[in-house]
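Undergrad: Numbering (this note's numbering), first residue to last: 6 to 480.
Glycine included, every Cβ here is placed at the ideal spot set by N, Cα and C.
Pasting a structure below so you can have a look.
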């Protein structure tokens, strides 16, 4: 016996990697622990849950996994059980398995997950669960209890989407918070969560209210499509972005018209695609949309992570027409770019509860040396944006422009796949394509087409945290 792996008493198998620098131990339940062969330190754990669900974690608490897997695992601390989802904002780290297996250092944490303070407790006091209402407006009263970590933020979701005004929309009345919302006809799912000062999220409390409306009308769809071929800095110019946006709108409008009362389209391209013009279009949609409506945001152009600093985290930005420098230019990005925070804010403030964001944003050729790092950071930013707003995001992998644009297709691989899905390549039996079906179809098509035309597969990023809903019907 040369060594003993600490804490491994239930292992049913031990394996070495081909390079002999990793040891894998497997339990009867299928849990796989990964060890560094030299130090005998555990560097990662893989959890397989009912075959299709999975989670990878590191000893300091960072994790990756599919949505179902993350929702099923919990962290146990004494007598307290905290869902793994509660640590999503701070500890979710896409592609961490590749870092573990390659020997790269994972993100260091000054605070171990085991030492974090408990999140607040939340409870919806009024109205009662499962009641039927005849008034469109209702006041939701929430009680929040500090469990030692403070109360940093409160989030209230209506049918999966974060509502406008949280947390500033809450009024303090003693230990309670109040928020007034407008119901939609039928079932209304209300959920509330809270964060402590370390950004650990509470277990949510939820109720379901039924609103009997006097009459129901068809919802409307609002589409904002942005495609930028020509940038002020000609080095950033693209070939198919504008065409991608136009084709996306045409395919979506054709299939959406039978479902919605009106399909309202705003298209912005090239020199007009500035932050000011884009946010002005958003303000117009905010003033017109209603909770029962659908909002679709499409962007084809450049996207980039800011450099960040010791005092400010790196952040994802969409790059409008007049951004002339993307890298090492945080001041310009803040002034002329559209940040993930700004996307989150206008998502919350647009009343339409059903929202889809399709982001075909690529990197410039000069960023290839930092592409892997930036790609993971972008994926995390998009995942957190989808989860915090309660919406659907489908995004191209952060990649160099010539890897995404294919002359034979006349489109980028990502948008071509989206268009094919909207035309019915993944429709349901009744001919409808829902946002969840669209996401799954794009996740299947992009690797296949990118491998065919570029020799290696690319994988899009898809996250859906709101309610599934149809966007087109294909006859």
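For the alpha helix (DSSP H) that contains residue 463, what are its first and last residues?
TA: That residue, residue 463, is in no alpha helix (DSSP H); it is neither H nor E in DSSP.
Undergrad: Under a three-way DSSP split, which group does residue 355 fall into?
TA: Here residue 355 sits in coil by DSSP.
Undergrad: Considering residue 95, what are the terminal residues of the alpha helix (DSSP H) in which it resides?
TA: Here the alpha helix (DSSP H) through residue 95 covers 93-96.
Undergrad: What's the C-alpha gap between residue 337 and residue 306?
TA: The straight-line gap from Cα to Cα measures roughly 17 Å.
Undergrad: Pop quiz: residue 343 and residue 280 are said to be a contact at Cβ under 8 Å. What is the actual Cβ separation, rounded to whole angstroms?
TA: At roughly 6 Å, the Cβ-Cβ gap stays under 8 Å, so residue 343 and residue 280 are in contact.
Undergrad: Here's the rule I'm using: 16 or more other beta-carbon atoms within 10 Å means buried, otherwise exposed. How should residue 233 be labelled?
TA: The residue in question, residue 233, is buried, as its Cβ has 16 or more Cβ neighbours within 10 Å.
Undergrad: Classify residue 431 as helix, strand or coil using the three-state DSSP reduction.
TA: It is coil, neither helix nor strand.
Undergrad: Near residue 131, what residues of its chain come up, given a Cβ to Cβ distance below 8 Å and the 5 sequence neighbours on each side ignored?
TA: Excluding sequence neighbours, residue 131 sits near 144, 145, 146.
Undergrad: From which residue to which residue does the alpha helix (DSSP H) around residue 128 run?
TA: It is not in any alpha helix (DSSP H) - residue 128 instead sits in the beta strand (DSSP E) that spans 126-131.
Undergrad: On a CA-only basis, which of 223, 62, 160 is nearest residue 263? Give me that one, please.
TA: Nearest C-alpha to residue 263: 223.
Undergrad: Suppose the cutoff is 6 Å on Cβ atoms and the five residues either side in sequence are ignored; what does the same chain contact list for residue 472 look like?
TA: Hits under 6 Å: 164, 165.
Undergrad: To which residues does DSSP link residue 29 through a beta bridge?
TA: BP columns for residue 29 point to 20, 39.
Undergrad: Can you name, in chain order, every residue of its own chain whose Cβ lies under 8 Å from the Cβ of residue 102, other than the five neighbours on each side?
TA: Closer than 8 Å at Cβ, skipping near neighbours: 49, 51, 61, 69.
Undergrad: Within 10 angstroms of the Cβ of residue 487, are there 16 or more other Cβ atoms? Answer buried if so, exposed if not.
TA: Residue 487 lies beyond the stretch modelled for the chain, which goes from 6 to 480, so this question has no answer here.
Undergrad: Would you report the Cα separation of residue 77 and residue 89, rounded to the nearest angstrom?
TA: Going by the C-alpha atoms only, they are around 8 Å apart.
Undergrad: If you run the structure through DSSP and keep just helix, strand and coil, what is residue 107?
TA: Here residue 107 sits in helix by DSSP.
Undergrad: Could you give the C-beta distance for residue 225 and residue 277, rounded to a whole number, given that I count them as a contact under 8 Å?
TA: About 24 Å separates the two Cβ atoms, so there is no contact after all.
Undergrad: Considering only residues of the same chain and omitting the five flanking positions on each side of residue 175, which have a CB-CB separation below 7 Å?
TA: Interpretation of residue 175 is limited by its pLDDT of 47, a score under 50 that renders its predicted location unreliable; no figure is taken from the coordinates.
Undergrad: Closest by CA to residue 481, which one among 446, 478, 284, 54?
TA: For the chain, the structure presents residues 6 to 480; residue 481 sits outside this window and is missing.
Undergrad: Taking its Cβ as the centre, do 16 or more other Cβ atoms sit within 10 Å of residue 358, making it buried, or is it exposed?
TA: Burial call: buried.
Undergrad: How should residue 317 be labelled, buried or exposed, when 16 other C-beta atoms within 10 angstroms of its C-beta is the threshold for buried?
TA: Looking at its Cβ environment, which holds fewer than 16 other Cβ atoms inside 10 Å, residue 317 is exposed.
Undergrad: Just to confirm my understanding: we take residue 133, look at its own chain, exclude 5 residues before and 5 after, and list those with CB closer than 8 Å. What are they?
TA: If we look at residue 133 and ignore the five residues flanking it on each side, its Cβ neighbours are 212.
Undergrad: Does DSSP put residue 444 in a helix, in a strand, or in coil?
TA: Residue state, collapsed to three classes: helix.
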